[in-house]
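Residue numbers (the numbering used here): 2 to 253.
Just so it is clear, CB atoms sit at the ideal spot from N, CA and C, and this is done for glycine as well.
Have a look at this one:
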């Protein structure tokens with residue numbers, strides 16, 4: 002298996018080769034940042050995929066990658082509905098969620114940070130750029146996954162947990178979660194002043210619908226077509242250049 006540096010180099014090369022037209026998009030200056038969490042800040046998406054595949058396999062069912070991409074970014078309830086229906090599992094959504102939650106709790110308590118995540122968050126905080134979390138996970142799952150990184154996640158202005166937040170009526174790909182997130186800054190932010198960081202097609206669609214620019218760090222298995230609606234596509238957060246969006250540049 003390639004090491005982290007090799008994988009990052011590969012992803013950067015892949016993105017440059019396949020998404021060069023992104024450079025032609027006009028990038029607006031922003032003042033606020035909104036982050037998804039899974040697969041972007043924390044290395045949890047692979048665990049979700051493994052858990053769902055394990056449940057499906059227990060019934061002799063496959064978990065196609067196409068279904069995985071449909072699930073990414075959605076609320077816990079919606080993810081369960083898609084998995085049960087598309088994998089033709091002989092259990093109810095409630096039964097699936099019970100098994101899924103139990104397996105996740107066994108594996109997610111020490112989720113590692115992804116490359117570039119801590120550097121970017123600390124950079125924004127040091128430069129007094131307001132930023133928040135907008136994740137489709139419920140509050141209890143967020144608490145579990147960030148347990149090993151409490152100090153870092155305390156830097157967020159606020160957190161919107163889509164599966165349990167009553168103001169988020171519709172999950173991604175609807176724009177609700179990002180609009181709610183923008184409204185909760187000390188001074189509510191205009192959508193056009195917000196830059197969203199996402200890894201899923203559903204999340205990018207939600208950000209677009211909210212009227213926000215969005216930087217995407219996609220799963221390398223995603224086709225170019227599934228990422229073409231992002232404002233910018235990069236291989237990892239290490240490749241993000243804040244100054245392109247009018248934010249303070251890195252100094253390290």
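- Message: Quick check: the Cα distance between residue 237 and residue 245, rounded to an integer number of angstroms?
- Response: Looking up residue 237 in the chain shown gives position 236. Looking up residue 245 in the chain shown gives position 244. Rounded to the nearest angstrom, the two C-alpha atoms are 16 Å apart.
Please determine, among 218, 44, 53, the residue with the shortest C-alpha to C-alpha distance to residue 231. Stepping through the chain shown from its first residue, residue 231 is reached at position 230. Distance check between residue 231 and each of 218, 44, 53 places 218 closest, using alpha-carbon atoms only.
Measuring only the C-alpha atoms, how far is residue 170 from residue 42? Position 169 of the chain shown, counted from the start, is the residue given in the question as residue 170. Position 41 of the chain shown, counted from the start, is the residue given in the question as residue 42. Distance between the alpha carbons of residue 170 and residue 42: 24 Å.
Practice prompt. Measure the alpha-carbon distance for residue 180 versus residue 211 and round it to whole angstroms.
Written response: Along the chain shown, one-based indexing puts residue 180 at 179. Along the chain shown, one-based indexing puts residue 211 at 210. When rounded, the distance between both Cα atoms is 6 Å.
Checklist entry - With 16 other CB atoms within 10 Å as the buried threshold, where does residue 51 fall? => result Counting from 1 along the chain shown, the entry for residue 51 is found at position 50. Looking at its Cβ environment, which holds fewer than 16 other Cβ atoms inside 10 Å, residue 51 is exposed.
Three-state secondary structure (DSSP) of residue 136
Locating residue 136 in the chain shown gives position 135, where the first residue counts as 1. DSSP places residue 136 in strand when its eight states are reduced to three.
By the 10 Å Cβ neighbour count, where 16 or more other Cβ atoms means buried, how is residue 151 classified, buried or exposed? Stepping through the chain shown from its first residue, residue 151 is reached at position 150. Classification for residue 151: exposed.
Would you check if the distance between the CB atom of residue 172 and the CB atom of residue 30 is smaller than 8 Å?
Taking the chain shown and counting its residues from 1, the one referred to as residue 172 is at position 171. Taking the chain shown and counting its residues from 1, the one referred to as residue 30 is at position 29. In this structure, residue 30 does not lie closer than 8 Å to residue 172 by Cβ.
### Message
My output table needs one value for residue 251: the three-state DSSP class, helix, strand or coil.
### Response
Residue 251 sits at position 250 when you count from the first residue of the chain shown. Here residue 251 sits in coil by DSSP.
| task | Indicate whether the contact test is met: 3 or more Cβ pairs, each with one atom in the stretch 137-155 and one in the stretch 100-116, closer than 8 Å. | result | yes
*asked:* Taking contact to mean 3 or more Cβ pairs, one atom from each stretch, closer than 8 Å, check whether the stretch 48-64 and the stretch 122-135 are in contact.
replied: The stretch 122-135 and the stretch 48-64 do not touch, with fewer than three beta-carbon pairs separated by less than 8 Å.
* Is it right to say residue 163 is buried, meaning 16 or more other beta carbons lie within 10 angstroms of its own, or is it exposed? -> The sequence position of residue 163 within the chain shown is 162, counting from 1. When all chains shown are included, residue 163 counts as buried.
* To do: Tell me whether residue 202 is buried or exposed, calling it buried when 16 or more other Cβ atoms sit within 10 Å of its Cβ.
  => Counting from 1 along the chain shown, the entry for residue 202 is found at position 201. When all chains shown are included, residue 202 counts as buried.
*Let me know the secondary structure DSSP gives residue 233 once reduced to three states.*
Position 232 of the chain shown, counted from the start, is the residue given in the question as residue 233. Note: residue 233 maps to strand in three-state DSSP.
Are residue 66 and residue 222 closer than 8 Å when you measure CB to CB?
To locate residue 66, count along the chain shown from 1; it is residue 65. To locate residue 222, count along the chain shown from 1; it is residue 221. Result yes, Cβ atoms of residue 66 and residue 222 sit closer than 8 Å.
query: Taking the alpha carbon of residue 207 as the point to measure from, which residue in 107, 226, 193, 175 has its own alpha carbon closest?
result: One-based indexing of the chain shown puts residue 207 at position 206. Residue nearest to residue 207 within the set 107, 226, 193, 175 is 175 (criterion: CA-CA distance).
Q: Report, in whole angstroms, the separation of the C-beta atoms of residue 35 and residue 132, which I expect to be a contact under 8 Å.
A: The count along the chain shown starts at 1 and reaches residue 35 at position 34. The count along the chain shown starts at 1 and reaches residue 132 at position 131. Confirmed, Cβ separation roughly 7 Å.
In this structure, how does DSSP classify residue 36 when only helix, strand and coil are distinguished?
Position 35 of the chain shown holds residue 36. Three-state DSSP puts residue 36 in a strand.
| said: Taking the alpha-carbon of residue 252 as reference, which of 28, 127, 142, 88 has the nearest alpha-carbon? | reply: Stepping through the chain shown from its first residue, residue 252 is reached at position 251. The candidate whose alpha carbon is nearest that of residue 252 is 127.
Task: Residue environment, residue 89, which counts as buried when at least 16 other CB atoms sit within 10 Å - done: Locating residue 89 in the chain shown gives position 88, counting from the first residue. Result: exposed.
| query | If we count the other Cβ atoms within 10 Å of its Cβ and call it buried at 16 or more, is residue 47 buried or exposed? | reply | As a first step, residue 47 is located in the chain shown; it is residue number 46 there, counting from the start. Its Cβ having fewer than 16 others within 10 Å, residue 47 is exposed.
Option nearest residue 94 by Cα separation, candidates 129, 76, 70, 177 = Position 93 of the chain shown, counted from the start, is the residue given in the question as residue 94. The residue with the shortest Cα to Cα distance from residue 94 is 76.
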